[in-house]
Amino acid sequence: EPEVTQTPSHQVTQMGQEVILRCVPISNHLYFYWYRQILGQKVEFLVSFYNNEISEKSEIFDDQFSVERPDGSNFTLKIRSTKLEDSAMYFCASSVGTENQPQHFGDGTRLSIL
Amino acid sequence: AQSVTQLGSHVSVSEGALVLLRCNYSSSVPPYLFWYVQYPNQGLQLLLKYTSAATLVKGINGFEAEFKKSETSFHLTKPSAHMSDAAEYFCAVRVSSYKLIFGSGTRLLVRP
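Laid out in structure tokens, this is it:
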């Protein structure tokens, strides 16, 4: 069964450094998402992406964050200058459509900011 | 604002016993509801979805959920728990074309 893959599984970065989290969505999916889960808290929506542009973003997704689909298969989340509070598990998801179409999630990247 | 509430952060059952994980939602429109399961060190795996076609929804691994509009609930059940069901379960509701909001999760423990 096709799946969403994320790399790396664990990323350790110094505060203030830039980090890029990578995702390969399911190949026939058109909608892409990033969520995060801070330890002990709920899974939170960050951003959705369709047709090479952001379709919706949360208040968490400020100017420090950006997303890109650099080629036909990858989908990336960049954090420009990391803060301690960015430490979390970041999940990528994709879906074939919206509304009643389920989002399929990757295994996540655990980001640790030192 | 739309929200989803999962009652019970931990549920413990004996192997072979009924599993009941509770989810209540608030939504101003007919909702799209989902249950996901997360095994240790893995991502969120879709168990089942409610999309208004039927109130009783069957999912993978023997799980099912019943949508009750009058109670604004979408509880997850399984008649007989297996050890392999031990995981964290998340209820989610779609609040826009793109965005899911999740409950805080329920960790299911299965005792031998």
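Protein chains in written order, with my numbering: chain A, 2 to 115; chain B, 12 to 123.
Ideal placement from N, C-alpha and C gives every residue a C-beta, glycine not left out.
Model, not experiment: these values are computed from the prediction.
Original post:
With 16 other CB atoms within 10 Å as the buried threshold, where does Ile-80 (chain A) fall?
Top reply: buried
Original post:
On the three-pair Cβ rule with 8 Å, is the region 48-58 of chain B touching the region 28-36 of chain B?
Top reply: No, the region 48-58 of chain B is not in contact with the region 28-36 of chain B.
Subject >> Length of the line joining the Cα atoms of Thr-66 (chain B) and Pro-42 (chain B) >> reply: 12 Å
Subject >> Gln-38 (chain A) versus Ala-98 (chain B) - alpha carbon distance >> reply: 16 Å
Original post:
Would you say Thr-99 (chain A) reaches chain B, if we count a Cβ-Cβ gap shorter than 9 Å as a contact?
Top reply: At least one CB of chain B lies nearer than 9 Å to the CB of Thr-99 (chain A).
**OP:** Throw me the rounded Cβ distance for the Phe-62 (chain A) and Val-44 (chain A) pair, which I believe falls under 8 Å.
**Re:** Rounded, the Cβ-Cβ distance is 15 Å, inconsistent with contact.
Subject >> Bridge partner(s) assigned by DSSP for Val-68 (chain A) >> reply: A:Leu-78
Subject >> Distance between beta carbons of Gln-56 (chain B) and Ser-38 (chain B), contact taken as under 8 Å >> reply: The Cβ separation is near 24 Å, so there is no contact.
**OP:** Kindly list the residues whose CB is nearer than 6 Å to the CB of Phe-45 (chain B), restricted to its own chain and excluding five residues on each side of it in sequence; keep chain order.
**Re:** Lys-60 and Ala-103
Original post:
Using 9 Å as the limit for Cβ to Cβ distance, is His-30 (chain A) near chain B?
Top reply: no
Original post:
Counting along the chain, where does the beta strand (DSSP E) carrying Asn-35 (chain B) start and finish?
Top reply: 35-37
Subject >> Contact list for Lys-79 (chain A) against chain B, beta-carbon separation under 8 Å >> reply: The contacting residues do not exist; Lys-79 (chain A) stays about 20 Å from chain B at best.
Original post:
Rounded to whole angstroms, how far is the Cβ of Val-20 (chain A) from the Cβ of Ser-113 (chain A), which I believe are closer than 8 Å?
Top reply: That pair is no contact at about 10 Å.
Subject >> Straight-line gap, Ser-59 (chain A) to Leu-119 (chain B) (C-alpha atoms, nearest Å) >> reply: 30 Å
**OP:** With 9 Å as the limit, tell me which residues of the region 101-116 of chain B have their beta carbon closer than that to any beta carbon of chain A; keep them in chain order.
**Re:** Phe-101, Ala-103, Arg-105, Val-106, Ser-107, Ser-108, Tyr-109, Lys-110, Leu-111, Ile-112, Phe-113, Gly-114, Ser-115 and Gly-116
Subject >> N- and C-terminal bounds of the beta strand (DSSP E) containing Thr-99 (chain A) >> reply: Unbroken run through Thr-99 (chain A): none, as it is neither H nor E.
Original post:
What does Tyr-68 (chain A) reach in chain B if we use C-beta pairs closer than 8 Å?
Top reply: A small fix is needed here, since residue 68 (chain A) is Val in this sequence, not Tyr. Here the premise fails: no neighbours, minimum Cβ distance about 13 Å.
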